[in-house]
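With this note's numbering as the guide, the letters of the sequence shown map in order to residues 1 to 393.
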Amino acid sequence: MTQDRTAVVVGAGIGGLSAGLALSRQGWRVTILERAPAFGAVGAGLTLMSNALAGLDALGVGEQVRAGGRVEAPGGSRTADGRWLFRVEAVDLSDRLGTESLGIHRATLHGILRDALPAGTTLVTGAEVVEVVAGPPAEISYLADGTRTTIGADLVVGADGLRSTVRNRLWPDVPPPVYAGSTAWRGVTDQPWDGELYVAISWGPGAEFGMVPLGDGRVYWFGAVNARAGGRDPDELRAVRKRFGAWHAPIPDLLAATSAETVLRNDIYHLGKPLPSYLRGAVALLGDAAHAMTPNLGQGAAQAIEDAVVLGTAVGGGSGDLAAALVRYDRQRRPRSQQVARASYRVGRFGQQLRNPVAVTLRNSLLRLAPPRTALRSMSRYTDWRPPAPGEI
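Here is the structure:
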C-alpha cells in the first residue's frame, strides 16, 4: 500500500481520530489538527451500540474498546418515582441489537483511538484553523504558538464539531446550529459504584435522567431539562440536585458520589437544516460538523465512526479517482446520518421534552403496554449497520 496521497483532518475528537485512523490504515499520510492545547481526562461517558462497535472493529480497535467498556447491565425506562415503563435484560439487547449497550468513558475511547494511530501520523495540538481552500488540491492554514502554517493536501476532512470552522468557511450559507430547547448536565461518579446497575433513562415532565455503567466500575450519568439557552449556575451539581434530588434511587446517591468540579453543563444544539452535500472540492465533512444531532438516540459518536469508516473505504489507498470516491462517500453517508439526526430529534420531543400532563400519561401508558421487543425493534433500525466492503461503495 503506497503513501502517495496526503490528508489533513481538522479536529481530534472521536470522529477526527477515527477518520485519521481509517485513512492511515489505507496508506494515506495524515496530519490531524486539534484546536485544544492538550488532551486530558475531562469528559463524560458514551453508550456504544452494535453499529459503533462494528465500525471500531473495522478500525482495528474493537477488542481494546470492549476491554475498556462494560456490557453486562440491563436497560429500560422508568418514571421519576422509579416505576418501570419497560425493562430489557442484557441478553435481550444482545439478541435483538447484536450487542449489549457498552458504556465507556469518552477519554478512554479517545485514548484508544489516539494510541492506535501509526507512527507516521502527525498530530498537532493548539492549532487554530484560520483559512480553508477547497481545491482540489485543498489547502489549509492554521495558527500554532503564534506561527501561521499553510499546508496543501489531497484531502481535507472537517471533523471539527458542532461549531465547525471548516463548515463555516466553505458552507457560509448554511444556518448556524439551532438550540433544541434543552440543557444537559453530565457527570461520572468519583469511585466504582457498588449499587444497582442499569443502562436506564427515567422521564419526568420536561426532564430526563440517565445512567450508564462504565468499564472501570464508575457510573456515567446525565440529566436534561427544558430550559432557555445560556442558563448557568455557579454550582452546577447543586443545580442538578435541586432538579433531580427527589427522583428515585439511585439518582440522589449517584449525585452525592460525584465531585462538583467534574460536572459538565451544555445546552443542546443541532443542525436544524440538513446540508445538501458533505463535500466542497477536496474537502469532506463528517461527524458533528456534517450532521450535529441531539443525543436522544445516543448515536452522535456512532455516526461519526461510521462516517470515518466509509470515508476510508471509499478513498481506499488513494490511487483511484478521489473526486468520484468522495461523491460515493457523500451519497452513502448523507441519507443515513441525516435520517438518524431527524429520528433523534423526534425521540427527544416524544421523551425528555414532553411536559403536557395528558401527553405524558398517554406516552407512559403506551410504553407500558408495548412489549419490550417493540422498543428494541425500533432501536435496531439505527444500530443495524455493517462496514461496507470496497466494492459496495
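Virtual Cβ for every residue (Gly too), placed ideally from N, Cα, C.
Out of the options, which has the shortest C-alpha to C-alpha gap to residue i?
i, options, result
"A284", "R106, G120, V157, L102", "V157"
"P175", "T79, Y142, Y269", "Y269"
"N364", "L326, A343, G320, G204", "G204"
"L311", "I14, G13, S18", "S18"
"T79", "A290, L102, L362", "L362"
"L286", "S277, A304, R280", "A304"
"E261", "G11, T121, P234, L33", "P234"
"W185", "W247, W221, G348", "W221"
"L109", "G316, V61, N226", "V61"
"A168", "F39, Y278, G348", "Position check: residue 168 holds Asn in this sequence, whereas Ala was assumed. When each option's Cα is compared against that of N168, the closest is Y278."
"A107", "G69, W84, I201", "G69"
"P136", "R5, A52, A343, K242", "R5"
Rounded to a whole number of angstroms, what is the C-alpha to C-alpha distance between residue i and residue j?
i, j, result
"A282", "A138", "6 Å"
"T313", "D160", "21 Å"
"M293", "A341", "5 Å"
"M379", "A302", "13 Å"
"G351", "G75", "16 Å"
"T2", "L214", "Bear in mind that a pLDDT of 45 at T2, under 50, signals an unreliable position, so the number given afterwards is only what the model happens to contain. Distance between the alpha carbons of T2 and L214 is about 39 Å."
"A58", "R334", "20 Å"
"A7", "T258", "41 Å"
"R399", "G43", "Nothing in the structure corresponds to residue 399, since the chain is present only between 1 and 393."
"Q332", "A324", "12 Å"
"G45", "P390", "32 Å"
"D81", "V309", "42 Å"
"R368", "P252", "25 Å"
"V10", "L48", "23 Å"
"G206", "Y382", "25 Å"
"V188", "M211", "9 Å"
List the whole-angstrom C-beta distance separating residue i from residue j, where the pair is believed to meet the contact cut-off of C-beta under 8 Å.
i, j, result
"V166", "V129", "7 Å"
"L123", "A12", "7 Å"
"Y20", "T121", "Correcting the residue identity first, residue 20 is Gly in this sequence and not Tyr. That belief holds up - the Cβ atoms of G20 and T121 are roughly 6 Å apart, short of 8 Å."
"D145", "G126", "7 Å"
"A227", "S182", "7 Å"
"D330", "G15", "Actually they are not in contact, since the Cβ atoms of D330 and G15 sit about 16 Å apart, beyond 8 Å."
"G230", "D267", "7 Å"
"V132", "L170", "6 Å"
Going by DSSP in three states, residue i sits in which element: helix, strand or coil?
i, result
"S141", "strand"
"F244", "helix"
"I393", "coil"
"S380", "helix"
"V166", "helix"
"E34", "coil"
"L286", "coil"
"R238", "helix"
"P118", "coil"
"D4", "coil"
"A107", "helix"
"R25", "helix"
"P205", "coil"
"P295", "helix"
Taking the beta strand (DSSP E) that residue i falls in, what are its first and last residues?
i, result
"G158", "155–158"
"S77", "75–79"
"G223", "219–226"
"N266", "264–270"
"V310", "Here V310 belongs to no beta strand (DSSP E); instead the alpha helix (DSSP H) covers 300–315."
"P250", "No beta strand (DSSP E) contains P250, which DSSP labels as neither H nor E."
"R232", "Careful: R232 lies outside any beta strand (DSSP E) and carries neither H nor E."
"G181", "178–188"
"L85", "84–88"
Nearest chain C C-beta to residue i closer than 8 Å, yes or no?
i, result
"A127", "Of the protein chains in this structure there is only one, and it is not chain C."
What span of residues does the alpha helix (DSSP H) with residue i cover, start to end?
i, result
"G348", "322–350"
"P357", "357–369"
"E63", "62–68"
"G45", "Looking at the DSSP string, G45 is not in any alpha helix (DSSP H); the run it does join, the beta strand (DSSP E), is 45–48."
Mind checking whether the beta-carbon of residue i lies closer than 7 Å to any heavy atom of the ligand GDP?
i, result
"A44", "This structure lacks the ligand GDP; in fact it carries no ligand of any kind."
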